[in-house]
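For reference, the structure is listed below as structure tokens.
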Amino acid sequence: MICPYCRHEDIRVVDSRDSGDEIRRRRECSVCLRRFTTYERVQTRIFQVVKKDQRREELNTQKLLGSLFNACAKRPLPVKAVEKISKEIETEIMNSGRSEISSKIIGDMVMDHLRKLDRVAYIRYASVYRSFQDIETFKNEIDALLDPQPVDPEMENQLSFLPDTSLGKKGNRRRGRPRKESIPAS
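Each residue of the sequence shown is one higher than the last, beginning at -3 in the working numbering.
This is the structure:
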């Protein structure tokens, strides 16, 4: 291992932690005394991404994670949630049984995950991924996002645990104990 700061090879491992499918190691250079983190994991097989122009390149999970972070920039989202999406997409690709996967399929996977996580991040990603030619197609994408999703037939008859805020006027709600009904004196 070479120090990324001073390029010397005299490195020692300060701390190692197993985090499921990878091992996190804190390392320290004995020359410049700077620390850095490395991650080790088993590479089961190499996946090729087929680009639009039919070029093939190795699946780069850092590139995937970078595009997710760009879409989620300045959004109130935890970093772990974005990293989780990247891991889930990577797992889906590994479990697909293919050695090659289209960049379009990966883009669609990212959009599906972002739609569930954050609408603004979804639109940001879609604007780059789909490269909208005009404002009308961009507007159509936003309209499709805002339309209520079709209800699953099994869920249609389910009762909601949340109160229906569309009933009644908000201003007339009384807080605290219910009023005692006044009984007219006879």
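Don't be surprised by glycine CBs; every beta carbon is placed ideally from N, CA and C.
In the structure shown, what three-state DSSP assignment does residue i receive?
i: residue 35; result: strand
i: residue 111; result: helix
i: residue 12; result: strand
i: residue 52; result: strand
i: residue 5; result: coil
i: residue 70; result: coil
i: residue 130; result: coil
i: residue 139; result: helix
i: residue -2; result: coil
i: residue 120; result: helix
i: residue 60; result: helix
Shortest alpha-carbon distance to residue i belongs to which of the options?
i: residue 85; options: 57, 31, 0 and 74; result: 57
i: residue 17; options: 140, 101, 38 and 68; result: 38
i: residue 74; options: 113, 54 and 141; result: 113
i: residue 63; options: 129, 102, 6 and 134; result: 102
Closer than 8 Å by C-beta to residue i: which residues in its own chain qualify, once you throw out the five before and the five after it? Chain order, please.
i: residue 8; result: 23, 24 and 26
i: residue 100; result: 48
Going by beta carbon distance, what residues of the same chain come within less than 6 Å of residue i, once the five residues before and after it are set aside?
i: residue 21; result: 9, 12 and 34
i: residue 41; result: none
How close, in whole Å, do the beta carbons of residue i and residue j come, if the pair is a contact with beta carbons under 8 Å?
i: residue 43; j: residue 89; result: 6 Å
i: residue 46; j: residue 98; result: 5 Å
i: residue 31; j: residue 96; result: The Cβ separation is near 38 Å, so there is no contact.
i: residue 107; j: residue 118; result: 6 Å
i: residue 28; j: residue 68; result: Wrong, their Cβ atoms sit about 33 Å apart, outside the cutoff.
i: residue 137; j: residue 122; result: 6 Å
Taking 7 Å as the limit between beta carbons, can you name the residues of its chain near residue i, skipping five residues before and five after?
i: residue 14; result: none
i: residue 115; result: 141
i: residue 92; result: none
For the beta strand (DSSP E) holding residue i, just list the boundary residues, first then last.
i: residue 46; result: 44 to 46
i: residue 98; result: 96 to 98
What is the residue span of the alpha helix (DSSP H) that residue i lies within?
i: residue 84; result: 75 to 91
i: residue 187; result: What the structure shows of the chain is the stretch from -3 to 182, and residue 187 is not part of that stretch, so it cannot be assessed.
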